[in-house]
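S.K.: After the structure tokens below, expect a handful of questions from me.
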Amino acid sequence: MNETLEDILTKDLAVIFCGINPGLKAAATGHHFMGRSNRFWRTLHLAGFTPHEVQPENDRTILQYQCGLTTVVERPTARADQLSADEFRAAAASFERKIARYAPRYVAFLGKAAYSALSGQKQIAWGLQPHTLGRAAVWVLPNPSGRNLGFTLAQLVEAYRHLKLALDAPA
1 MNETLEDILT KDLAVIFCGI NPGLKAAATG HHFMGRSNRF WRTLHLAGFT PHEVQPENDR
61 TILQYQCGLT TVVERPTARA DQLSADEFRA AAASFERKIA RYAPRYVAFL GKAAYSALSG
121 QKQIAWGLQP HTLGRAAVWV LPNPSGRNLG FTLAQLVEAY RHLKLALDAP A
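Shown next as structure tokens:
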């Protein structure tokens, strides 16, 4: 199995979607959001980010749509709750440098846990955040994991669509 999952990034993207950490299947295959129950690719398409549902093995094509992929913590786990607060703290400086280097318009955290750990905030609302990360606006979206039973596919699509509308709005 791979030790980490390679980022899919280039400079000046509209948005970098930021997962908490790689799942075991994603790390083993080298492709983001590879789990059968993960709803990321379907949600992205239905929210208008891609003209069709990208297959996980074609994850690099996301760059064509001005989107990138990364994780806060590089260590793969079966579940995100297997990460320690120390791992988030240790990853923070490197993650912030990465965002500064690639300079996206938005960083979209998939779930509140990673952003909470990085920002030190306990109470986080969904959507646009009051603070930036470098020059990037920060947006918090529900995690599309199939384990996240708190959100239906329709609710995920609606949440992601709000980000898409913000991206499409005139600057």
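Here the sequence shown is numbered in full-length UniProt numbering, starting from 1 and rising by one per residue.
The beta carbon of each residue, even a glycine, is placed where N, CA and C say it ideally should be.
1) Taking the alpha carbon of Q129 as the point to measure from, which residue in V107, F33, F88, Y102 has its own alpha carbon closest?
2) Per the DSSP calculation, A117 is bridged to which residue(s)?
3) Between which two residues does the beta strand (DSSP E) harbouring I16 extend?
4) Of the choices L44, A159, D168, whose alpha-carbon is the least far from that of I62?
5) Taking only three categories from DSSP, how would you classify H52?
6) With DSSP as the reference, label F40 as helix, strand or coil.
7) Determine the DSSP secondary structure at V72, reduced to helix, strand or coil.
8) Grouping DSSP H, G and I as helix and E and B as strand, with all else coil, what is Q123?
9) For I124 versus K112, is the C-beta distance shorter than 8 Å?
10) Who does I8 pair with in a DSSP beta bridge?
11) Quick check on DSSP: helix, strand or coil for H131?
12) For Q66, which residues in the same chain have their Cβ closer than 6 Å to its Cβ, ignoring the five residues on either side in sequence?
13) If we call anything under 8 Å between Cβ atoms a contact, is H31 one with P56?
M.R.: Here's the rundown:
1) V107
2) According to DSSP, A117 bridges with nothing at all.
3) 15 to 19
4) L44
5) coil
6) helix
7) coil
8) coil
9) yes
10) L69
11) strand
12) L13, A14
13) yes
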